Each structure stands twice: as C-alpha cells, then as structure tokens.
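Inspection log for the structure reproduced underneath, given as structure tokens.
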Amino acid sequence: SQTQGNDPLLSKQWGMLDIGGPQTWSQNKNTQPIIVAVIDTGVDYTHPDLVSNMWRNPGETGVDASGKDKASNRIDDDGNGFVDDINGYNFAYDNPNVKDDGGHGTNIAGTIGATTNNDIGYAGIDQKCKLMICKNLDDENLGEYSWWSASLYYASNNGARVLNMSEGGYD
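This is how it looks when you write it as structure tokens:
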C-alpha cells in the first residue's frame, strides 16, 4: 500500500502532509471515480499532473452523425444547454474555454486530484477523481453572482458530487 509519493514537491505542498494526504491514498477503495467540480479561475487541463484526471463530458466525446468531433463541432450534443463543454464550462465568457488565466484554479485542482507517485510536481488527495472545470472568474479575477450560481447548477446537474468553490483572485 502506498503511503508516501515520489512527487518532488510533495514536502513543500501546503498542508498535504499535515492533513495526512499520503495515508489516504491506500485507503481509497472507490472503483468509480468521484467527479469533483473546481469552481474558480479555470484549470490548466493540459498540466501533466492533471491531464489524466480531467473530467470529460461523455455527451461531448466521440464523433457526431456527420463524423465531426463532438468536442469541437459547435453543437450541444448532450442537450444540457452548453456547447462543446468537454471539460466543463466558462461562465465568465459563456464559452467552453476553461483554461486557467489566474493560476488559482490549477493550484486547487492539483491539491484535489493531481496524479500521485509519478515523479512530477505535487500530489493530490484523490488521484482517482475526475476534475470538472467551472470557470467563473474573468481575466481580471472578478466574478458575478450569476456566474457563480450557474456554475453550481452546472456542476450538480452534470454529475459532480463534490464542489470546491474557493474563488481565488487578486482582491
């Protein structure tokens, strides 16, 4: 059973060792990953510590009847009201671009679900989870109540069972 990771920055990761993160890894017996919504500045979904744990909307994967990739065909293939929401949705700009432009959401996503024991960066509490992104802060790290409430509804209506809304920003 794994009790200590080989991630080089684990010992510098804020709070992970204090809360007993490594001890939880061997205890996670979930066979189905839990979907965790990160409601924040977005997430760098290409980050090597996060890419394997990114949630992919099953209704927006594969090819449509015309042979186009559902992730980029500009059609709401799953009928949930959001076009091409493959990893989540950007409520600040009403589009599927959930890439982090503030940094805070990626940090939070790493603490929640970074791949562990891979000789890269940090470690997450639940490296089996799937990270859904709800970007609801704009490029100045400002948000609107309507974006925040829409993010909560989206996450719960699309399968998230845990929601993290720490809303990092400058102010």
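Sequential numbering from 114 applies to the sequence shown in our numbering.
From the three backbone atoms N, C-alpha and C, an ideal C-beta is built for every residue, glycine too.
Just so we're clear, the structure is a prediction, and the values are computed from it rather than from any experiment.
Judged by DSSP in its simplified three-state form, Tyr202 adopts strand. In this structure, DSSP gives Lys125 a helical state, which the three-state scheme calls helix.
The DSSP-derived three-state label of Ala150 is strand.
Taking C-beta atoms as the reference points, Ala184 and Asn249 fail to come closer than 9 Å.
Shortest Cα-Cα distance from Gly192 to any of Met129, Glu173, Ile147, Ile132 involves Glu173.
Contact between Gly201 and Gly223 fails: their C-beta atoms lie close to 16 Å from each other, not under 8 Å.
In this structure, Asn271 lies near Asp198, with their beta-carbon atoms less than 9 Å apart. Listed as beta-bridge partners of Asn208 by DSSP are Asn203. Residues Thr219 of the same chain have their beta carbon placed closer than 7 Å to that of His160, with the five preceding and five following residues left out of the count. When secondary structure is reduced to three states using DSSP, Leu250 falls in the coil class, being assigned neither helix nor strand.
Boundaries for Leu265: no beta strand (DSSP E) harbours it, while the alpha helix (DSSP H) harbouring it runs 258-270, taken from the DSSP string. By DSSP's assignment, Asp182 forms a beta bridge with Val176. The bridge partners DSSP lists for Asn231 come to none.
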